[in-house]
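Enquirer:
Residue numbers (our numbering), protein chains in the order written: chain A, 1 to 80; chain B, 1001 to 1331.
Put into structure tokens, the structure is as follows:
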């Protein structure tokens, strides 16, 4: 079972790859849209990337609630 | 028992030629923003599109198809009487019957060619190539003209902020014929009608006629993006595997020009080497649905970015939802 920090690190690499956000900026308290400037298409790609990377299924009704990096990490921890 | 004679086919098929036609009217993002509340910057950032082409007075889907087909036939070096089948993929034949293919065949001066339309939206050209390949290898036809043509401007709601800036008009055509070596890899194709509502029409033709309402293409862009960057990116990978081609053996990647952001995402997924030439005609031509792959192929060859004999991955995906991809040797 991956730790919170391991998930955050992997997610940070994904966000960097998709949206060019520096990995060190991808911290738990950061909002994807407001702080990291991730637009809705990039967010979709990050969700698809999370499904692949962490083996979780994130339906649309859940993905819209993933506002911060911490929300996404917690979702992955609870569903993988 | 009576023996029914079979007609032998060719062991393999390949693309003989490609041609395209784009309409004359240029619609840039500035003009687009007179129809929708948007900006050049937003459209470019979200799609990569700076301008698109729409048909003008005197142009229509069939005239574009004819121009693209004439170019492809001329480049194939074949005479008209050698073309014995015509497949047109379009969602822009605005009458139920007859289909566009027999009309186009007559317009081109073909005699007695088998001719039919297929409805596979943005995957239409790749569906057509799959059928042409099968017809040539089965002996059902010898030289097949495959056309993808659209005039989406006629079924786009100019005031729909989610689609108006995307869709455009154009035609592309290819001739497929017999070959001693394989020029068309196995098709990877499929459908997901469970997601049919993701790209749909606002009204079917019957409702449009009976109730006098317009019928436009509508799309859930985020759902399409999710499907394209996930499932279709995987399908592209499977297409390469089916052909036994590794990413470093590939010269060109010609995906349906739906959105540059989808192409970018597929590239990340496929991990193609830098040397692979990637089609980006969407920038100036928008999304021309079934026409986008052959138009992009023609553009890469005409501009010298790609050359005859190069190995290319082509993949189309769209309303249905449907998709099809092949690895082909460029004509």
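For every residue, glycine included, the Cβ atom is placed at its ideal position computed from N, Cα and C. Small disclaimer: the values here were computed from a predicted structure and weren't measured.
1. Between which two residues does the beta strand (DSSP E) harbouring residue 1218(B) extend?
2. Residue 1152(B) and residue 1217(B): beta carbons closer than 8 Å?
3. Could you give the distance in angstroms between the alpha-carbon of residue 1287(B) and the alpha-carbon of residue 1325(B)?
4. Which word fits residue 1295(B), buried or exposed, when buried means at least 16 other C-beta atoms lie within 10 angstroms of its C-beta?
5. Throw me the rounded Cβ distance for the residue 1142(B) and residue 1177(B) pair, which I believe falls under 8 Å.
6. Let me make sure I understand the geometry here. Which of 1189(B), 1259(B) and 1199(B) has the alpha-carbon closest to that of residue 1240(B)?
7. Out of 1162(B), 1174(B), 1230(B) and 1328(B), which one is the CA nearest neighbour of residue 1312(B)?
8. Hey, residue 1310(B) and residue 1276(B) are a contact pair by Cβ (cut 8 Å); roughly how many whole angstroms apart?
9. In angstroms, rounded to a whole number, what distance separates the CA positions of residue 1102(B) and residue 1086(B)?
10. Taking a contact to mean a Cβ-Cβ separation below 8 Å, would you say residue 1130(B) touches residue 1091(B) in this structure?
11. Would you say residue 24(A) reaches chain B, if we count a Cβ-Cβ gap shorter than 8 Å as a contact?
12. Answer yes or no: do residue 1120(B) and residue 1113(B) have a C-beta to C-beta separation smaller than 8 Å?
13. For residue 1323(B), name the three-state secondary structure that DSSP assigns.
14. Closer than 8 Å, CB to CB, is residue 1268(B) near chain A or not?
15. Between the segment 1152-1170 of chain B and the segment 1049-1058 of chain B, do three or more beta carbon pairs fall short of 8 Å?
16. Which partner residues does residue 1328(B) have in the DSSP bridge list?
Expert: Reading from the atomic positions:
1. As a first step, residue 1218(B) must be located in the second chain, where it is residue number 218. From DSSP, the beta strand (DSSP E) with residue 1218(B) extends over 1217-1219.
2. Mapped onto the second chain, residue 1152(B) falls at position 152. Mapped onto the second chain, residue 1217(B) falls at position 217. Taking 8 Å as the Cβ cut-off, residue 1152(B) and residue 1217(B) qualify as a contacting pair.
3. If you number the second chain from 1, residue 1287(B) lands on position 287. If you number the second chain from 1, residue 1325(B) lands on position 325. Looking at the two C-alpha atoms, the distance is approximately 18 Å.
4. What you label residue 1295(B) is simply residue 295 of the second chain in a count that begins at 1. Counting the other Cβ atoms within 10 Å of the Cβ of residue 1295(B) gives 16 or more, which makes it buried.
5. Stepping through the second chain from its first residue, residue 1142(B) is reached at position 142. Stepping through the second chain from its first residue, residue 1177(B) is reached at position 177. Residue 1142(B) to residue 1177(B), Cβ: 7 Å. Contact.
6. By 1-based counting over the second chain, the position of residue 1240(B) is 240. Per the Cα distances, 1189(B).
7. As a working mapping, residue 1312(B) is identified with position 312 in the second chain. When only C-alpha atoms are compared, the closest one is 1328(B).
8. Translated into the one-based positions of the second chain, residue 1310(B) becomes position 310. Translated into the one-based positions of the second chain, residue 1276(B) becomes position 276. Not really, about 10 Å apart at Cβ, beyond 8 Å.
9. Reading the second chain from its first residue, position 102 is the one you call residue 1102(B). Reading the second chain from its first residue, position 86 is the one you call residue 1086(B). Cα to Cα, residue 1102(B) sits roughly 8 Å from residue 1086(B).
10. In the second chain, counting from the first residue as 1, residue 1130(B) sits at position 130. In the second chain, counting from the first residue as 1, residue 1091(B) sits at position 91. Between residue 1130(B) and residue 1091(B), the gap from beta carbon to beta carbon reaches 8 Å or more.
11. Taking the first residue of the first chain as position 1, residue 24(A) is located at position 24. Chain B, which has no Cβ nearer than 8 Å to the Cβ of residue 24(A), makes this no.
12. Indexing the second chain from 1 puts residue 1120(B) at position 120. Indexing the second chain from 1 puts residue 1113(B) at position 113. Contact flag unset, no.
13. Taking the second chain and counting its residues from 1, one reaches residue 1323(B) at position 323. Strand.
14. Translated into positions along the second chain, residue 1268(B) becomes position 268. For residue 1268(B), the closest Cβ of chain A is nearer than 8 Å.
15. Verdict: yes, contact present.
16. Numbered from 1 along the second chain, position 328 holds the residue referred to as residue 1328(B). Beta-bridge partners of residue 1328(B) (DSSP): 1184(B) and 1312(B).
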